[in-house]
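S.K.: Quick one: this structure, given as structure tokens, is what I'll be asking you about.
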Amino acid sequence: MKAARPPRWYADPARLGLAALAVSAAAFFLLPLYVMAITSLKPMEEIRLGHLFSWPTQLTLDAWHAAWISACTGVACDGVRGGFWNSVSIVLPSTLIAITLGALNGYALAYWRARGAALLFGLLMIGAFIPVQVLMFPLVRMLGPLHLVGSLAGIVLVHVIFSMPIMTLIFRNHFAALPRELFLAARLDGAGFLRIFVLLMLPLSVPMLVVAAIMQATGVWNDYILGLVFAGREHLPMTVQLNNLVNTTTGTKLYNVDMAATLLTSLVPLAIYVISGRWFVRGIAAGAVRG
Amino acid sequence: MNKPAASPAAARRAPNPAHLALLPMALTALVVYLGSMLWSLRISMSSSRSLPMQDFVGLAQYQRLFANERWLHSLHNLALYTPLFIAASLVVGFLLAVLVDRQARAGGLLRAVFLYPYALSFIATGLIWQWLLNPELGIQQAVHGWGFAGFRFDWLVDQDRVIYTLVIATVWQGAGLVMAILLAGLRAIDADILRAARLDGVPAWRIHVSIVIPMLGFSFATAALLLLTAAVKLYDAVIAMTQGGPGTASEVPAKFIMDHLFGRANIALASAGATIMVLTAVALLAPLLYARRRALRASR
Amino acid sequence: MAAVSVRNLRVALGGQPVIEALDLEVADGEFLVLLGPSGCGKSTLLNAMAGLLEVSGGSIEIDGVDQTWASPRDRNIGMVFQSYALYPNMSVANNLSFGLRARGMPRAQVEERVQRAAALLQLEPLLARKPAQLSGGQRQRVAIGRALVRDARVFLLDEPLSNLDANLRASLRRELKLLHQRLGATMIYVTHDQVEALTLASRIAVLHKGRIQQLGTPAEVYARPANRFVAGFMGSPPMNFLEGTLTMNGGVPHFTAPGCEFELRDCDFGAAAPMAGEAVVLGVRPEQLRIAAPAAWSGVVTLVEPMGNHQVVWLECGGASWSVLAGSDARHQRGERLPLALATGSICLFRADDGTLRGVTA
């Protein structure tokens, strides 16, 4: 009649099964990263043997060197390093401007009643669901005469435009969740629009600003299509160069160089992800409340 | 107007600072989103080739569009890809969320492992899987090397199966996102409800099916919304992984539009495609948004 | 036979011991209240009985069967949670029947049990509703109904009234007591509210820091608190305390403190005879005092709280803050010095060092 004490987890088939499932799922998710890493460290002769998963017999960083310095990305053959710095110079201003505007929009929408603001916000939210390809051509035609297509300012502007819905939304929700009495107290103290924003709201929003910066920086770094159309040859981001390197090389395919370049391009978002950890997840949660 | 005016006259003269601050948003919403859409619509009713024309040809471009083999193939592919991608992402994401939730010790680590692909670009994702699925040197060859000479996994170059490789790659990339959203929903469930169910003698699987999943309705709808938006936009991963090939076997509408805008200089046809894309997106998103709102109300 | 007996129970949460070496026997049909401040381990004890927590030692017997390691479903207990924990996606009827259906009970029998519970709790008109469409009191009744349909002999209730407003709480408290009388089942009820404990319990177990401080009927716990913690926790306003020493005056024990000396008439000191110079703490309940001469003590009014049918007068009394109940028509001013006389009932004496009960006057 008496029930036995439950076994330890390593002797419990149900929990053991669950643990085994977790380990195999983790293996499936890690495998591509592993294959990419070892491929980038193998010389081509070893890759041609077709042992995709085996550890390199001969570790070499040549492919990484080539990917960074000398691989051909279209016409030029000086690796993806140019793209790296292009991406950095696109990401920094895009992130800064986008979160500033997003915070300002969110603050104005949450606390200040401006005529038609709700309608505009609704329009912006619908815009968030429209594929960029749909807006591409009119945007090119609009920015062309302003000499903004193919310039750094142009690609930054386009990033700011396309991130505005989500940035505005997360800051509006953030400010709406703060106690309104704070704002009212500041109004009674005689503070105006900008003073309340800079001295009260921004300091209260540091965590949200960090989350937004992480989201925006990752998103802009990973963008391909906007960079392809709007950045111009001088400012091609790393993702575009990477795709050119892998998919348009003439002659022999250098898979190790391809994988090294892919890893190099992914290092920045992966570093953001690893370092920011929970903040990255918070960004997903903030972005997921849309609608 | 929220401004407690010191003197009514002064209040009337000073511009509302909120109006000023919202100017960039107004321009973006009206000019970029609304303006571009209307412009796109207008162009789709002209005979424009590489430059916009002012003539009006009615729905002729739409007729041409739906007579275009490549467009129809793109639509077919998207119709195949979207439900598969969403269903697989939701199922895998849910299983991952449950796995993470039930592993008290390794939960944090597992979550990090399942989510990292989401930090990667679609380009990187496409290139990684292009390499893994490479029939000569990828998984197929590796398995041959282990002595299973009959093993076939050459979907990447198989006209009928290439679309599934896109599903695999993008599910690998996006399942972590679903997991993160569902995990947040799981953690928000009152633990006493699960305790009550255990006391009721309900087996673990049934607790998940009958209680947890229905209570996660809002989270599922949110995840589905994000996945659907991503599916309609599917472009980068195709470019990186298959360039639409082999042949036109993995063409998608977004790519059709881009090719006709910039490669084939047929902006009217591209704009007609763009309009169809918006209509499709709206038709699919509207019921989902409605269901999501209902789920939110039910959970309160 | 005891309905529930807990022996030498130990529970640790996250490596921290929460309950250590706890023994408790609950008789069949008893209404036992586990009372204590938050964090005292009362909910932990309840969850351990339910099998929702793994214990680290000891045993739990329910209805004469050792259930220490049995799964929650096999313990034949019903439980009502503080948050009610109703399944939000199911109707009231399905909330009641879900557990029975999950166990594979025949449909007709499920139906019959649900109808019986619904009739008992007046839930019939609500059976088709979802939990979100119910009021707090209705949700509470559904939660009880879900425990009821199980036909359990033992019910565990975890602060079931604490989410309700004061009026509803009082009326549901009475309903609960009537339900207990009608069912005759064993109920173990966790609360931090001493009024609930006093009104509902056949016995109260006062918990503090994972130990049972006292186990007894409401009258015992109130009149003869085992220690200063129990004395201070029971009663509102709480018992008044005054530190002093025992003196012997003509062979009769007296309590002496600066500015006051008081004869301890017919005091039961237990086995140990009183000795002059013993350091003790005097405990008097507010309702045992009267503002009248001849004065045994006196104090200066610091605050008057009108409570409707009576007033609580707070006084500064030999360095301690005391409270006295006064009639609603009494008029007292802040700063006024009032004489205090002993009205009725027993006075408690506690040991100054460990706070345990030293003696009680008759």
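Chains as they are written, first to last, in my numbering: chain A, 25 to 315; chain B, 14 to 313; chain C, 86 to 447.
Glycine is no exception: its CB is placed at the ideal position from the N, C-alpha and C atoms.
Remember, predicted model here, so these are calculated numbers, not experimental data.
1) Specify the secondary structure class of F166 of chain B as computed by DSSP and reduced to three states.
2) So, under 8 angstroms CB-CB, F127 of chain B and L109 of chain B are touching, yes? Tell me the CB distance rounded to an integer number of Å.
3) DSSP puts F435 of chain C in a beta bridge; with which residues?
4) DSSP three-state label for P424 of chain C, please.
5) Going by the DSSP bridge assignment, what does M164 of chain C pair with across the sheet?
6) Between the beta-carbon of D213 of chain B and the beta-carbon of G163 of chain C, is there less than 7 angstroms?
7) I'd like to confirm the pairing. Which residues does DSSP put opposite Y274 of chain C in its beta bridges?
8) Can you tell me which of C:P303, C:L233 and C:A112 puts its alpha carbon nearest to the alpha carbon of N180 of chain C?
9) In three-state DSSP terms, what is T138 of chain B?
10) Return the chain-ordered list of same chain residues with a C-beta closer than 7 angstroms to the C-beta of S20 of chain B, the five sequence neighbours on each side being excluded.
11) Residues of chain A with a CB under 7 angstroms from the CB of R211 of chain B: which are they?
12) With a floor of 4 residues, list each alpha helix (DSSP H) that falls wholly inside the region 42 to 84 of chain B, ordered by position along the chain.
13) Is there a Cβ from chain B that is less than 7 angstroms from the Cβ of V158 of chain A?
14) Would you check if the region 196 to 203 of chain A and the region 54 to 70 of chain B touch, i.e. whether three or more CB-CB distances between them fall below 8 angstroms?
15) Within 7 angstroms of any Cβ in chain A, is that where the Cβ of M316 of chain B sits?
16) So T286 of chain A packs on L266 of chain A, CB below 8 angstroms; how close in whole Å?
17) Can H417 of chain C and V386 of chain C be called in contact, C-beta distance under 7 angstroms?
18) Rounded C-beta distance between I152 of chain B and Y94 of chain B? I'm assuming under 8 angstroms.
19) Can L288 of chain A and T97 of chain A be called in contact, C-beta distance under 7 angstroms?
20) Assuming G301 of chain C is part of the beta strand (DSSP E), what are its boundary residues?
21) How about G107 of chain A and P293 of chain A: do their beta carbons lie closer than 7 angstroms?
22) Check each candidate in B:T242, B:S102 and B:L247 and name the one with the smallest Cα separation from I249 of chain A.
23) Give the interface partners of N29 of chain B over in chain A, defined as CB-CB distance under 7 angstroms, in chain order.
24) Residues of chain C with CB under 7 angstroms from I206 of chain B, in chain order?
25) CA-CA distance, C101 of chain A and R137 of chain A?
26) Scan the region 284 to 302 of chain B for residues whose Cβ lies nearer than 7 angstroms to a Cβ of chain A and list them as they occur along the chain.
27) Measure the Cβ-Cβ separation of A141 of chain A and L148 of chain A and say whether it is below 7 angstroms.
28) Got a sec? Which residues, its chain only, sit under 7 angstroms from P266 of chain B by beta carbon, not counting five neighbours each side?
29) Using a C-beta cutoff of 7 angstroms, does F161 of chain A count as contacting chain B?
30) Could you spell out where the beta strand (DSSP E) holding H171 of chain A opens and where it closes?
31) Please name the residue, chosen from B:F79, B:A162, B:V104 and B:A39, that lies closest to V184 of chain B on a Cα-to-Cα basis.
32) Can you list, in chain order, the residues of its chain with a C-beta nearer than 8 angstroms to that of A35 of chain A? Leave out the 5 residues immediately preceding and following it.
33) If contacts are defined as beta-carbon pairs under 8 angstroms, then I99 of chain B and S284 of chain B qualify, I think. What distance do you get, rounded to the angstrom?
34) For chain E, is any of its Cβ atoms less than 7 angstroms away from the one on A243 of chain B?
35) Can you name the residues of chain C whose CB is closer than 9 angstroms to the CB of V175 of chain B?
36) When the cut-off is 7 angstroms and only beta carbons count, does I226 of chain B lie next to chain A?
M.R.: So, to answer that:
1) As a first step, residue 166 of chain B must be located in the second sequence, where it is residue number 153. Coil.
2) On the second sequence, position 114 is the one that residue 127 of chain B refers to. On the second sequence, position 96 is the one that residue 109 of chain B refers to. 5 angstroms between Cβ atoms; contact.
3) In the third sequence, counting from the first residue as 1, residue 435 of chain C sits at position 350. Looking at the DSSP assignment, F435 of chain C forms a beta bridge with C:V366 and C:L442.
4) Here residue 424 of chain C refers to the residue found at position 339 when the third sequence is read from its first residue. The DSSP-derived three-state label of P424 of chain C is strand.
5) Within the third sequence, numbered from 1, the residue matching residue 164 of chain C stands at position 79. The partner list for M164 of chain C (beta bridge, DSSP) reads C:L241.
6) Counting from 1 along the second sequence, the entry for residue 213 of chain B is found at position 200. Counting from 1 along the third sequence, the entry for residue 163 of chain C is found at position 78. For D213 of chain B and G163 of chain C, no; Cβs fall outside 7 angstroms.
7) For the purposes of this step, residue 274 of chain C is identified with residue 189 of the third sequence, where counting begins at 1. In the DSSP assignment, the residues bridged to Y274 of chain C are C:V118 and C:L242.
8) Indexing the third sequence from 1 puts residue 180 of chain C at position 95. Comparing alpha carbon positions, the residue from C:P303, C:L233 and C:A112 closest to N180 of chain C is C:L233.
9) Here residue 138 of chain B refers to the residue found at position 125 when the second sequence is read from its first residue. Helix, per DSSP.
10) On the second sequence, residue 20 of chain B is found 7 positions in, with the first residue counted as 1. Its pLDDT being 49, under 50, S20 of chain B is placed unreliably in this model, and the coordinates cannot settle the point.
11) For the purposes of this step, residue 211 of chain B is taken as residue 198 along the second sequence, with counting starting at 1. For R211 of chain B, there are no C-beta contacts with chain A under 7 angstroms, since the nearest C-beta of that chain is about 14 angstroms from it.
12) Here the runs fully enclosed are 49 to 56 and 73 to 80.
13) For the purposes of this step, residue 158 of chain A is taken as the residue at position 134 of the first sequence. Chain B, which has a Cβ nearer than 7 angstroms to the Cβ of V158 of chain A, makes this yes.
14) The region 54 to 70 of chain B is not in contact with the region 196 to 203 of chain A.
15) Chain B is shown only over 14 to 313; residue 316 of chain B falls outside these bounds and no answer can be derived.
16) Taking the first residue of the first sequence as position 1, residue 286 of chain A is located at position 262. Taking the first residue of the first sequence as position 1, residue 266 of chain A is located at position 242. Indeed, because the Cβ distance is near 6 angstroms, the residues count as touching under 8 angstroms.
17) For this step, residue 417 of chain C is matched to residue 332 along the third sequence. For this step, residue 386 of chain C is matched to residue 301 along the third sequence. Note that the C-beta distance between H417 of chain C and V386 of chain C is below 7 angstroms.
18) Indexing the second sequence from 1 puts residue 152 of chain B at position 139. Indexing the second sequence from 1 puts residue 94 of chain B at position 81. The Cβ separation is near 21 angstroms, so there is no contact.
19) Here residue 288 of chain A refers to the residue found at position 264 of the first sequence. Here residue 97 of chain A refers to the residue found at position 73 of the first sequence. Not closer than 7 angstroms, so no.
20) By 1-based counting over the third sequence, the position of residue 301 of chain C is 216. Counting along the chain, the beta strand (DSSP E) containing G301 of chain C begins and ends at R296 to G301.
21) Within the first sequence, residue 107 of chain A is the residue found at index 83, counting from 1. Within the first sequence, residue 293 of chain A is the residue found at index 269, counting from 1. Cβ atoms of G107 of chain A and P293 of chain A: not closer than 7 angstroms.
22) Here residue 249 of chain A refers to the residue found at position 225 when the first sequence is read from its first residue. The shortest CA-to-CA distance from I249 of chain A to any of B:T242, B:S102 and B:L247 is the one to B:L247.
23) Here residue 29 of chain B is taken as the residue at index 16 of the second sequence, counted from 1. Close to N29 of chain B, with beta-carbon spacing below 7 angstroms, are these residues of chain A in chain order: A138.
24) Counting from 1 along the second sequence, the entry for residue 206 of chain B is found at position 193. Neighbours of I206 of chain B on chain C, chain order: A170 and Y172.
25) Residue mapping note: residue 101 of chain A aligns to position 77 of the first sequence, counting from 1. Residue mapping note: residue 137 of chain A aligns to position 113 of the first sequence, counting from 1. If you take the alpha carbons of C101 of chain A and R137 of chain A, they lie about 55 angstroms apart.
26) For the region 284 to 302 of chain B, which is checked against every Cβ of chain A, the residues closer than 7 angstroms are S284, A287, M290, V291, A294, L298 and L302.
27) Mapped onto the first sequence, residue 141 of chain A falls at position 117. Mapped onto the first sequence, residue 148 of chain A falls at position 124. Not a contact, by the Cβ cut-off of 7 angstroms.
28) Taking the second sequence and counting its residues from 1, the one referred to as residue 266 of chain B is at position 253. S87, L88, L91, G286 and M290.
29) Numbered from its first residue, the first sequence carries residue 161 of chain A at position 137. Yes, because at least one Cβ of chain B sits closer than 7 angstroms to the Cβ of F161 of chain A.
30) Against the first sequence, residue 171 of chain A aligns to sequence position 147. Segment: none, H171 of chain A is in no beta strand (DSSP E) and carries neither H nor E.
31) For this step, residue 184 of chain B is matched to residue 171 along the second sequence. Distance check between V184 of chain B and each of B:F79, B:A162, B:V104 and B:A39 places B:V104 closest, using alpha-carbon atoms only.
32) Residue 35 of chain A sits at position 11 when you count from the first residue of the first sequence. Residues of the same chain with their beta carbon placed closer than 8 angstroms to that of A35 of chain A are lacking, with the five preceding and five following residues left out of the count.
33) Here residue 99 of chain B is taken as the residue at index 86 of the second sequence, counted from 1. Here residue 284 of chain B is taken as the residue at index 271 of the second sequence, counted from 1. Contact between I99 of chain B and S284 of chain B does not hold, since their C-beta atoms are separated by about 27 angstroms, which reaches or exceeds 8 angstroms.
34) Protein chains A, B and C are contained in the structure displayed, whereas chain E is not.
35) As a working note, residue 175 of chain B is residue 162 in the second sequence. Within chain C, no residue comes near V175 of chain B; the closest Cβ sits about 40 angstroms away, beyond 9 angstroms.
36) Stepping through the second sequence from its first residue, residue 226 of chain B is reached at position 213. No, because no Cβ of chain A sits closer than 7 angstroms to the Cβ of I226 of chain B.
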